[in-house]
Amino acid sequence: MKKTKLTVSLVAILLVNVIFCCSRSLLRADANGNITLEAKKPGEVQEKIKKIAEKYKVTTKNFYINTNGRRGKKSISITYDVPKADAPSLMNEIALLGEVISQNYNDYQNNYDMDDLNRKLKSFKQYLNMVISSSKPDPEIIKLFTQQIQNVESQIKRATQSPENANIRISINEKGYDTGSDAAGKKEKWLTEKLIIGIIIAVIFFILGLMTAKKTIKQENIT
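Letter 21 of the sequence shown, counting from 1, is numbered 20 in numbering that gives the first Met the number 0, and no numbers are missing.
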């Protein structure tokens, strides 16, 4: 009896996995944007951004300051939850506060396959009805299929709801924070190249010296 119950449970689990494996991937990209600025005084820029944000009634989700240990330069990162309709305007105003290194905005995209979701929901309900109508319904199997039905229904609900807000991430880098755009970084690169050239020249002179020494020793042996 226990063996039969275990076999039925395994079959139910297998059915669930087959239904999910045969389904197409479900993707959803919410509205989001990123903008990176470079400024001499990132703290002052951050205060200006704060005033702009108040105008658009945003919600601050994250805020942190990072310091480049080697150079002592700061980078301020802010993440806002912004009404989606205001997100592009907010980013455009922020772009005027410093040198824009990068800027992009992606609107909400619903890539859920609704036909596939509905097929899955129908399959799970059919199997659940089969189990319930059997002579000895297994509570564990009923629970398994009920959970999957609730999961798919939740996905369908989420797929039909367009987000009202957008996530906007703002980075304000102090000039010199990014070594690629810093004069000191260029100087360091120049010094490294100079050192490499010096090593190459030293190796060449060393090889020439060895060749000269060998030639001298050979001539002395001849005489």
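For glycine and all other residues, C-beta sits at the position ideal for the given N, C-alpha and C.
For GLU92, the uninterrupted alpha helix (DSSP H) run begins and ends at 86–94, by DSSP.
Under the 8 angstroms Cβ criterion, the stretch 129–148 does not count as touching the stretch 91–106, having fewer than three qualifying pairs.
When the beta-carbon positions are compared, LEU116 and VAL151 come within less than 8 angstroms of each other.
Per DSSP, reduced to three states, the secondary structure at GLU163 is coil, with no helix or strand assignment. The DSSP-derived three-state label of GLY32 is strand. One Cα belongs to LEU36, the other to LYS72, and the distance between them is close to 14 angstroms. For ASN128, the uninterrupted alpha helix (DSSP H) segment begins and ends at 113–131. Sequence-distant partners of ASP85 (beyond 5 residues in either direction) whose C-beta falls short of 7 angstroms from its own C-beta, in its chain, are TYR55.
The straight-line gap separating the alpha-carbon atoms of ASN67 and GLU192 is approximately 23 angstroms. In the DSSP secondary-structure assignment, ASP80 is bridged to THR58, ASN166. With a 10 Å radius around the Cβ and a threshold of 16 neighbouring Cβ atoms, LEU143 comes out buried. The alpha-carbon separation between ALA158 and GLY97 amounts to approximately 38 angstroms. Where SER101 is concerned, the enclosing beta strand (DSSP E) starts and stops at 98–105. GLU173 sits close to PRO41, with the two beta carbons spaced by under 8 angstroms. The C-beta distance from ASN33 to ARG168 rounds to 5 angstroms, short enough to meet the 8 angstroms contact threshold.
Shown here, ASN67 sits in coil according to DSSP, grouped into three states, outside any helix or strand.
Residue pairing of ASN172 in beta bridges, as defined by DSSP: GLU37, SER74. Taking 8 angstroms as the upper bound for CB-CB distance, ASN164 and THR78 are not in contact here, some 12 angstroms apart. Annotation for PRO136: no alpha helix (DSSP H) segment contains it, and DSSP assigns it neither H nor E.
About 32 angstroms separates the beta carbons of SER76 and SER153, which is beyond the 8 angstroms limit, so they are not a contact pair.
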